[in-house]
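Protein chains in written order, with the working numbering: chain A, 483 to 1139; chain B, 483 to 1139. These notes concern the structure reproduced below.
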């Protein structure tokens, strides 16, 4: 079913159509399947010793009448479980797994029992404040939790064909639709934490029920309209708040509720909320053919990527509000850069790619994925970063200077507010969705990740086998197996970091010029035959990267990047006081694969200088500084791999001269 | 009266013995007399339009039965008025001023009426919580306010010989002495904000009543003893707190109550509290001959000055708790560096100088005075800085990045918490106390400030006339007029910033070597005759200053200093984006007096480089940075004079290459 005016938009690629076999990613995907999802199930059941309890499963059991007790955890605790269930669904979509399916079905049975007669399902309100439903949308994540449950329901249905959770969330969505809307007697509100907007689009996609799309559109359109819903709501609550006791006003910008969505021109407020909102906006714009909504998405995309994004693909420059700050404000040490925000950026990029296959979206998706997202999880799959700094001095953290109180120097087991771990799990478990899109007769390869994919094009189905040692090596090989005529276009992304590329089809070089290059993709339009081989060679030198001159904190500094990977210095390799190191502009940068280090990584070594003051006289200030320059051999490792060898300093941006 | 074991200690120099006539300081002292003190009187009476109301005078009037109404302001509002009264007393001590004396006497009459029968005097508790006296020493500044009242009473008595306020504070101190102590039935506590300790020493000095000294000693010794008084107090209040509603624990280190005073080895917690405590400790150590208490003072002095002090003499590296952070942590932009903390540092330095005339104390006193303290007040005497950053970007302040929320980019009219303005006033009004000390037959000149002084030495009274253009010029001339024999030593500080000095007595050069130099002073021991002239020439080149290599934020950076003055760049002279500027190591630095700029200052000009990216392509990160170097003529102004020409960027530490 297609609505009038709908824009051309790539369909989602089902995960059982993409089989990832990749030296880099298969490790993480196995980790998610074998360790992360089982471990998180234990954590959600409060069975991990030493970790903060979750209460999430137990809350549902209590609401279902299967256990006794009181609600435990934050007001949005349900969402952790929903995200976990969504991750489990993606695992099941790729491969049958009866044991995991049994656990999921058991949990869904509990959820069914917990659901109220009218369809309502939120354990916080059911157990703690049954009379207060929908009275604090500003703070209490009620529709946010609903959104995550809907995403899980859609994912589980897509994975298994079972309607058990889908029917629950349909009943819930129908109830929500009866509560919210512009009609008299309905609440003209929206959630403080965007999420249900993108979830309702998914529900529309699997059910074809237009009401869900329209409800999503309503939530988006309503945002920032006057009178401000959150202000009216606060008045109705007589200033009572969930977190702070009492408040005189609402920080509307924190919730991106300060202006109607089309009038928002710079990214402000809580980063994850904005990115989830933009993901939903891109979906609704495409499905309803709303060009002005799409233009608003593009404007905010540009602001984020051109003015407010760390080189690691992290976003959110300040801990207060886990929020964007202002253009070109990208402090490396007091940064927030929440793992979930980079995941949100990937969602948004994917939705934009489904509408407009332009490498500007895929380049950012790759940057966020290979740097911040992978950094968010330890190689053991059991420890996580919530905040991803680009410069850390452990001496300053842990209360020594309170501006760093949000910075953890080692990954943590679980969080009281546990949004990031299950978010990483669901992203990695569904990584197969992000590699390709198909639009008309064109297959776009956005990410270079080995494995097989079966993709339907307007010119018939095609099987692609991708082989690569990415991100360590820039050679990527595609073997093509078309079904039928084989008239389709293969479009391969030319990454923004790549200074030189070459391409051969069946050993014959294709010049990368003219119409072959479009929107950052190499377009190979031809009649494909079974066994055709495309070989793409992306030169992957170590590159010195510089920041825009308005980025105050990076003036005079350089960062190293090789392929999609941003590099960093760690104390483990380079000693303490990393800020003493200066990288001469002309120093040669040597990349080498080290199989035994951190699971096998390419390191970068170079000769640099350490400016130090071993002969310093002890005073704080001196007119005769007695600073000495010592030669220093530096070793850089990929940023994502930091903090896997104990606590120590880390630094991405290094002084250059 | 002298106690057994008392250490040799300089007497306070009475302000009517020192007549400051100095191009630099007379302006400020006149400003304090003609503008600041009258203006603050208006502010304390809530008569300054646009400024936050104070309520301080009115609170006393209500408590006195002279007005109706409710208590207004913070719990320590009384102290603003006490500090103002102390400043007024210093003005009166230097010069009679019947109008000001009448205002003061009227206020003191009100205070007498407000005082309770038993001697208690604190308008917050009298008006708001009459049954809650001494129940929240941790937070409520009850003894702190008492201390400021005592300081005012002592100052007013010294200034005028009138006992009106002295008798009030004696009655109050006697009452406090009956409440606090180690004896059964007394409270074994001390205040959350140190201040009464140093005040009781002053009361002891003017009354000779040893009980006040012993009470001060008790408060100091009791601090940090177990069981912790603040924890016991919190239990008695069942966790109720003044500021936050409810608390489970007290941050003892914030109050320097985590350890007994002799075991505190690094400066932690609220900076002003620590410095007031150390001032009292130095006094009590000297007066009771307590070497171990003095050793504790020296240890913390060293920690502060060698590891936690900004080059401007500012202390307190973080806004959370207005507090010290940790060794070598001196961020320039998120700094606190409260004006009051530098004033506290000056108090502490003065007390140490009265015990041990060593230039290390006077050098720091000078640094804090000429930089942070003068910076704290605008040249109009009506606008004040509370926080004194060393690097400011107005774009980042005012909520743009919340880590800068404490930074004001222009001086403010008055503060709801108005500790700094009256503190500046009382310090400047008593500046005559800080120039000289006398110990035995030696007159120490610590500060080079023009004027006459009559000083008693063990070799007889001496009149000194100091003439100088300091801090703009390093020539200082002393004319000596001894009374009687004239056998005394004149000791002139050789400032730490001075690379080369010469000295002539009556035109004959004195070699500055050997026994002539001691503890940083040039000692001239001789038989002085009337009209003897000492000419000291301190070379005052512009000097490049460097930070200890462990100061992370200043790595690769230089600050300029000339004489006691630290310099800075302002946007008004150098354009925006100051961080783009790089000062070549070999650039010549030209100092020039500019009579028409900011009241007449020496500026420093130099040829430097601006690294900018006018040709930048718009993206945030680039492998081909297209940065251009442009020549830039820089103009530095003294740090104290910043932010007198509208809002703009400012920077002390500049990149060097």
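Every residue gets a Cβ at the ideal spot worked out from N, C-alpha and C, and that includes glycine.
7 Å Cβ cutoff, residue i in contact with chain B
i                      : result
residue 644 (chain A)  : no
residue 811 (chain A)  : yes
residue 728 (chain A)  : no
residue 756 (chain A)  : no
residue 786 (chain A)  : no
residue 1037 (chain A) : yes
residue 802 (chain A)  : yes
residue 648 (chain A)  : no
residue 964 (chain A)  : no
residue 1137 (chain A) : yes
residue 1034 (chain A) : yes
residue 816 (chain A)  : yes
residue 1079 (chain A) : no
N- and C-terminal bounds of the beta strand (DSSP E) containing residue i
i                      : result
residue 1049 (chain B) : 1047 to 1052
residue 788 (chain B)  : Run containing residue 788 (chain B): none in the beta strand (DSSP E); it sits in the alpha helix (DSSP H), 773 to 789.
residue 502 (chain A)  : 500 to 502
residue 630 (chain B)  : No beta strand (DSSP E) holds residue 630 (chain B); the alpha helix (DSSP H) holding it covers 624 to 642.
residue 1118 (chain B) : 1110 to 1120
residue 933 (chain A)  : 933 to 939
residue 1029 (chain A) : 1024 to 1029
Any non-hydrogen atom of the ligand NAP within 6 Å of residue i CB
i                      : result
residue 1059 (chain B) : Only the bare structure without any ligand can be found here, which leaves the ligand NAP out of the picture.
Any C-beta of chain A under 7 Å from that of residue i
i                      : result
residue 883 (chain B)  : yes
residue 1105 (chain B) : yes
residue 1097 (chain B) : no
residue 807 (chain B)  : yes
residue 1061 (chain B) : yes
residue 913 (chain B)  : no
residue 1088 (chain B) : no
Burial state of residue i (16 or more Cβ within 10 Å)
i                      : result
residue 485 (chain A)  : exposed
residue 984 (chain A)  : exposed
residue 1105 (chain B) : exposed
residue 1115 (chain B) : exposed
residue 1075 (chain B) : exposed
residue 797 (chain A)  : buried
residue 725 (chain B)  : exposed
residue 1146 (chain A) : The structure shown has nothing for residue 1146 (chain A), since chain A only spans 483 to 1139.
residue 746 (chain A)  : buried
Host alpha helix (DSSP H) of residue i (start-end)
i                     : result
residue 581 (chain A) : 580 to 596
residue 852 (chain B) : Careful: residue 852 (chain B) lies outside any alpha helix (DSSP H) and carries neither H nor E.
residue 712 (chain A) : 711 to 718
residue 984 (chain A) : Counting along the chain, residue 984 (chain A) falls outside any alpha helix (DSSP H), though it belongs to the beta strand (DSSP E) covering 983 to 987.
residue 759 (chain B) : 753 to 770
residue 510 (chain B) : 507 to 513
residue 520 (chain A) : 519 to 526
residue 564 (chain B) : 559 to 576
Meets three-Cβ-pair contact criterion under 8 Å: the segment 821 to 828 of chain A and the segment 842 to 860 of chain A: yes
Check whether the segment 559 to 567 of chain A touches the segment 532 to 547 of chain A, counting contact only when three or more Cβ pairs, one atom from each stretch, lie closer than 8 Å. yes
Under 8 Å (Cβ pairs) to chain B, residues found in the segment 998 to 1032 of chain A: 1025, 1026, 1027, 1028, 1029, 1030, 1031 and 1032
Closer than 7 Å, Cβ to any Cβ of chain B: which residues of the segment 844 to 855 of chain A, in chain order? none
Just by C-beta distance, which residues in the segment 854 to 882 of chain A are closer than 9 Å to chain B? 875, 877, 878 and 882
Listed from N- to C-terminal order along the chain, which residues in the segment 599 to 628 of chain B have their beta-carbon within a distance smaller than 9 Å of any beta-carbon of chain E? Annotation note: the requested chain E is absent from the structure, which comprises protein chains A and B.
Is it a yes or a no for the segment 897 to 912 of chain A touching the segment 836 to 847 of chain A, going by three-plus beta-carbon pairs under 8 Å? no
Three or more beta-carbon pairs under 8 Å between the segment 682 to 690 of chain A and the segment 652 to 660 of chain A, yes or no? These segments touch.
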